[in-house]
Each structure stands twice: as C-alpha cells, then as structure tokens.
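There are 2 protein chains.
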Amino acid sequence: MDTTRTGGLRERKKEQTRAALSWAALRLTVERGFDNVKVEDIATEAGVSPRTYNNYFSSKAEAIVWRHLNRARQAADVIRARPADEPLWDAVTAAVLAHAGSEHDEPDPEWTAGVRLMMTEPALLGEMHKAYAAANDACAEAIAERIGADPHDMYPRLVAGAVGVATQLASELWLTADPPVPLAALLRDALDELGGGLAR
Amino acid sequence: MDTTRTGGLRERKKEQTRAALSWAALRLTVERGFDNVKVEDIATEAGVSPRTYNNYFSSKAEAIVWRHLNRARQAADVIRARPADEPLWDAVTAAVLAHAGSEHDEPDPEWTAGVRLMMTEPALLGEMHKAYAAANDACAEAIAERIGADPHDMYPRLVAGAVGVATQLASELWLTADPPVPLAALLRDALDELGGGLAR
DNA sequence: ACGAATTCTTGCGTGCCGCGCACGTTTACG
DNA sequence: CGTAAACGTGCGCGGCACGCAAGAATTCGT
Chain C
1 MDTTRTGGLR ERKKEQTRAA LSWAALRLTV ERGFDNVKVE DIATEAGVSP RTYNNYFSSK
61 AEAIVWRHLN RARQAADVIR ARPADEPLWD AVTAAVLAHA GSEHDEPDPE WTAGVRLMMT
121 EPALLGEMHK AYAAANDACA EAIAERIGAD PHDMYPRLVA GAVGVATQLA SELWLTADPP
181 VPLAALLRDA LDELGGGLAR
Chain V
1 MDTTRTGGLR ERKKEQTRAA LSWAALRLTV ERGFDNVKVE DIATEAGVSP RTYNNYFSSK
61 AEAIVWRHLN RARQAADVIR ARPADEPLWD AVTAAVLAHA GSEHDEPDPE WTAGVRLMMT
121 EPALLGEMHK AYAAANDACA EAIAERIGAD PHDMYPRLVA GAVGVATQLA SELWLTADPP
181 VPLAALLRDA LDELGGGLAR
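Here the protein sequences line up with chains C and V, keeping their order.
Using full-length UniProt numbering, you'd call the opening residue of the first sequence number 1 and step up by one each time.
Using full-length UniProt numbering, you'd call the opening residue of the second sequence number 1 and step up by one each time.
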C-alpha cells in the first residue's frame, strides 16, 4: 500500500506540501527578490492557505533555506556509509567530496541560484548560518559514532565545524570565481589544508 | 577639544547612543526574555524615540548582538599587534588567547549572560552566526595583511574560519561545563588540534 | 466496515515590527 | 554668523508571526 518506504500516508503528504512550500518560496524569491514576495504568494503558489504556511515554517527565510538544510543533513549519512576501516579524516573528506557532485560539474542551475541567493540576500544570511550549524551538529553526531566518542565532546564537533567552514568557503569562492573552477577542487584544497594542519 | 581620539563630536554622540541602545537591549532581554521586551522599552531605556532606535538597528537581534560583534572585531587588531617575526599560527593562537581573558577567569557576569543568551534564544542564533561571520572576515583581512596575501584568497579566510569555529565551540563548551573549566584551556585545546592537523 | 478520536487546515483577529515620509532641531563648515 | 547637511522624532502603513476555535480529512479500534 505504501508507495515509498515511510509508512504514514499523512506524513508523506505533509512532507510533500512542506517541500512544495519551500520550493515555491525559493523560486519566487529568486525571480522577484526577497521582499517583493509576500507570504500569501508563496502559500498560493503551493496551493495552501497563508495560515497553513506558518504551520510549516515560522519565517520566510526558514522556508527558503529548508531545502539546503535538508541536503546538508544528508552529509552525515554519507559519512556513516564510509567503510569502517578508513581513517576518519579520509572518510570525511571522501564523503564531502562525494556529496558535492563527485568530480565533473553538473551545476544544477536551480540549486546554484538558491545558494547564490542565500549568500547575497542579507535577510537570509542568518538563517543560512543557522542551517550550517544544524548540519554541523548532525555531522558531529555521525563522526562521534564513528570514533566512539560522546557527541558533546570537543573533537568530533571541531572536525564537523572545520568541515563546515571549508564547505562554506569553497562554495562562496566557487560562486564568485571569475574563470569558473570546479567546486570539488576548491573543497579538496580546503580540506587538505585543514587535515595537514594550519601551523606550517 | 576632543575627549577621545576620534574627532567628530557628532560621531561620538552617535556611538554613545548606539552603545546605550545595545546595552539596554541586552539587559532587558536577559531580565525578561526575548519576546517580553518591546522595542519601545529598549528605546525608552536608552532615552531615545522608538523611531530613532530603528535608525541604528534594523532588528532587536541586531541591537543585542552588536556589542559582541564589536568585541569580536577587535580580535583582528590584536592579531595585527603581534610581533611580525612570529609564525602565523602562533600569532593567531596567542592573539585569541590574549583577547579572551588571558589565563585566569574574570567571568564578567554581564558578558557571559549575553553569550548564554545568544546561544539559548533561537531568535538570536541567526544574528549571532552573522556576527561571527563578520568577525571572521575582519580576522581574515588581518591575516592576509600579515602574510601578504589577497583578502579574497582561500588560505587566510580558512584560517580565520577555523579560528572562529574554535572560538564558538570553546565558548559553548565553557558555558555548559558542569565542573567549570577555564575558557583559555578549551580554546588552547581546540586551536592546538587545528594547528596540528585534523588528519591523525 | 463503520464510527470515534486524533490531526491538519483554515479564517479571523491581534500585537509588534521595520520603514518611508516630512518637519523641527542640532551640528559642522566657510 | 549664516548656510547646508545630518540627525531625532511623530505619524502612519504594510506585512508578518501566532493564538484561537471551528470545520474537514485521516487514522485507528473493534
């Protein structure tokens, strides 16, 4: 009876409208600019009441960033999927690189537009950083599992945080690179630098 | 005629009211909680019109975090003040440690309350992360100067970002440490780990 | 298979916030 | 000392987040 693996029919519908909402918010904001979009527009676009919109997201920014946050969270699963005998840093590096579109660019213009929007619009910067922080926590948990540490310890969270910084920085440089540069290369550079030690 | 080094009489008055505003916002929010404080209260507390408040800060969160941001910016100057022959990482480490209350704790309860508030109240998290990002940019600029690199290069910004993560993480662990631990120790641990390389 | 209970959606109303506009006052400068 | 620029302030508007309660849809027990 279940079309997907998650049983609840109701939950699937919820996630579906939530995704539609976030998608509509992103699309409209890219088209018109952040403050030329009213909540009513987003709700209408997704076929829902404006009031319902606020049952899913408590701010415009939250709706827009949600997709990006979801994607960032998956990085934790990719880390978990790495072979257990791999050294931690190699596993993390490989996971991040694999998660960010292996080696050749498939820019996915819709997604890059989203990233560029987040970094451009000041009203979204805060929410973006919150999303990165949440993703870092998820990664820290995965890393802690892997090395058998407490998720509240310093080391796993430090590693996760450093990876987050590298990702953010690589993304930003990638967006503003005048001769386009593959994202994977930037990521690898940043991660290698962190892995090798900043004191040199 | 000038009581301080910055000449403009007008500018000093501006910075003064801005500081008063930020201080009032912080104090009231610590006392009553974030959404039990109205802008009118903050403005009244600082002896200014509510309308004027919005000429200085465009949101409650911005006002509260402003002091913290200002303090974080100073870290860049501390880095610049380090002897030029010192290796980069040592200079950065020393600067951060010196900037965060050398070795023995002078908790400054007013300030710790502010930090705890920022990390507790979800409505402030976004603005806090934005502040850290701005501070990172300032530090990256100082670092770039020191090593004679372009501020837009990857390396200085990576170093600054890593330091920012270490600072954030150390602060958080410090606030939630059941047997109190000196902040400097946590900072040193995090920075050493980053300096020595995360691949081990 | 059918009715009850839980959950979701929606309309309405409220309080607050950010900001544009215009005017009076204060400050800087020649 | 007079002119011009910058600042503070009152007024008002559009929008947003959310509490509340009623209606609709879905799940579950039997």
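C-beta atoms are modelled at their ideal positions from N, C-alpha and C, and glycine is treated no differently.
Keep in mind that this is a model prediction, so the values were computed, not measured.
How about the stretch 186 to 196 of chain C and the stretch 160 to 176 of chain C: do they share at least three Cβ pairs that are nearer than 8 Å? yes
Contacting residues, own chain, Cβ-Cβ under 7 Å from residue 150 of chain V (five flanking each side not counted): 144
If the cut is a Cβ gap below 8 Å, which residues of chain V does residue 189 of chain C touch? 154
Please confirm whether residue 3 of chain V has its beta-carbon closer than 8 Å to some beta-carbon of chain C. Note that residue 3 of chain V has pLDDT 36, beneath the 50 cutoff, so the model's placement of it is unreliable and the number below is only indicative. No, no contact with chain C.
Can you find the residues in the same chain that come closer than 6 Å, C-beta to C-beta, to residue 191 of chain V, ignoring five residues on each side of it along the sequence? 93 and 166
Boundaries of the alpha helix (DSSP H) in which residue 93 of chain V is found, first to last residue: 88 to 99
With a threshold of 8 Å between beta-carbons, can residue 158 of chain V be considered close to chain C, or not? yes
Please name the residue, chosen from V:82, V:65 and V:95, that lies closest to residue 75 of chain V on a Cα-to-Cα basis. V:95
Contact the stretch 14 to 34 of chain V vs the stretch 111 to 130 of chain V: 3+ CB pairs below 8 Å: yes
Pull up the distance between the alpha-carbon of residue 61 of chain V and that of residue 86 of chain C, whole angstroms please. 43 Å
Since residue 117 of chain C meets chain V, which of its residues come closer than 8 Å, beta carbon to beta carbon? None at all; the shortest Cβ gap to chain V is about 16 Å.
Rounded to the nearest angstrom, what separates residue 24 of chain C and residue 63 of chain C at their Cα positions? 9 Å
Same chain only: Cβ atoms within 7 Å of residue 1 of chain V, ignoring 5 sequence neighbours per side: Low local confidence applies: a pLDDT of 36 at residue 1 of chain V is under 50, so the model's placement there is unreliable, and no value is given.
In whole angstroms, give me the CA-to-CA distance for residue 100 of chain C and residue 11 of chain V. 47 Å
Proximity below 8 Å, CB of residue 173 of chain V to CB of residue 162 of chain C: no
Rounding to the nearest angstrom, what Cα-Cα distance links residue 214 of chain V and residue 153 of chain V in this structure? Absent from the model: residue 214 of chain V. The displayed extent of chain V is 1 to 200, so no value can be given.
Using a Cβ cut-off of 7 Å, pull out every chain V residue sitting near residue 39 of chain C, in sequence order please. Near residue 39 of chain C there are no residues of chain V at all, since even the closest Cβ is about 18 Å away, more than 7 Å.
Indicate whether at least one CB of chain V lies closer than 8 Å to the CB of residue 89 of chain C. yes
Should residue 107 of chain V be labelled buried (16 or more other beta-carbon atoms within 10 Å of its own) or exposed? exposed
Check residue 117 of chain V in the structure and name its three-state DSSP category. helix
So residue 173 of chain V contacts chain C; which residues on that side make the cut at Cβ distance below 7 Å? 154
Sequence-distant residues of its chain with Cβ nearer than 6 Å to residue 148 of chain V (five each side left out): none
Simplified DSSP state of residue 14 of chain V, which is helix, strand or coil: helix
Does the CB of residue 15 of chain V have a neighbour CB from chain C at under 8 Å? no
If you compare alpha carbons, which of C:56, C:36 and C:131 is closest to residue 16 of chain C? C:56
Opening and closing residue of the alpha helix (DSSP H) in which residue 158 of chain V lies: 154 to 175
Assumed close pair residue 129 of chain C, residue 126 of chain V - CB separation to whole angstroms, cut-off 8 Å: 6 Å
Shorter than 8 Å from the beta carbon of residue 165 of chain V to some beta carbon of chain C? yes
Grab the span of the alpha helix (DSSP H) containing residue 54 of chain C for me, first residue to last. 50 to 56
Local conformation of residue 77 of chain V per DSSP, three classes: helix
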